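K.L.:
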Amino acid sequence: MELLEILECSPPLTREPLDTQQAAGVAQVFKALGDPVRLRILSIVASHAGGEVCVCDITGAFELSQPTISHHLKVLKEVGLLTSERRAPWVYYRLVPETLAELSALLNTPSTV
1 MELLEILECS PPLTREPLDT QQAAGVAQVF KALGDPVRLR ILSIVASHAG
51 GEVCVCDITG AFELSQPTIS HHLKVLKEVG LLTSERRAPW VYYRLVPETL
101 AELSALLNTP STV
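Residue numbering for the sequence shown follows UniProt numbering, beginning at 1 and increasing consecutively.
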């Protein structure tokens, strides 16, 4: 089962406990977000005008090698937080809003909890 499917099937945490497969899938997403570089990359993409950003702009924001940035982008794509499109020599990245919405729904708790 893909991570987005796991998130879609996961109830809000306050409604019922996650099963083992759901917890493992959700943990992969949070593990990806737990790295400061990946969290910054996600923030750069999310806040960029037009909703997408060229890899050249992402790489320029860090004092890291291009292969290291590529690894972080790959992790974010694997968990379904980013998608990409190649245009000539560059790759452009966009958020996957459905994944963020599912994470938000999972964490949404009534204020009375």
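Each residue gets a CB set at the ideal place from its N, CA and C atoms; glycine is no exception.
Note that the structure is predicted; figures quoted are calculated from it, not measured.
For Gly-80, tell me which candidate among His-72, Asn-108, Pro-67 has the shortest Cα-Cα distance.
P.N.:
His-72
K.L.:
Write down every uninterrupted run of the alpha helix (DSSP H) in the UniProt domain "HTH arsR-type" (18 to 113) whose length is 4 residues or greater and which is fully enclosed by it, in chain order.
P.N.:
Listed in chain order, they are 20 to 33, 36 to 47, 55 to 60, 66 to 78, 97 to 107.
K.L.:
Taking one C-beta from the stretch 74 to 92 and one from the stretch 33 to 44 each time, how about it: are there three or more such pairs within less than 8 Å?
P.N.:
yes
K.L.:
My guess is that Gly-51 and Leu-95 are in contact by the Cβ rule of under 8 Å, so how many angstroms apart are they, rounded?
P.N.:
7 Å
K.L.:
Glu-16 by DSSP, collapsed to three states: which one?
P.N.:
Of the three classes helix, strand and coil, the one that applies to Glu-16 here is coil, per DSSP.
K.L.:
Which residue wins for smallest C-alpha separation from Pro-89, given the options Val-29, Cys-56, Glu-98, Lys-74?
P.N.:
Cys-56
K.L.:
Measure the beta-carbon distance from Leu-18 to Val-29 and round it to whole angstroms, keeping in mind my assumption that it falls under 8 Å.
P.N.:
In fact, because the Cβ distance is near 12 Å, the residues do not count as touching under 8 Å.
K.L.:
Return the CA-CA distance between Arg-86 and Ala-61, expressed in angstroms with no decimal places.
P.N.:
20 Å
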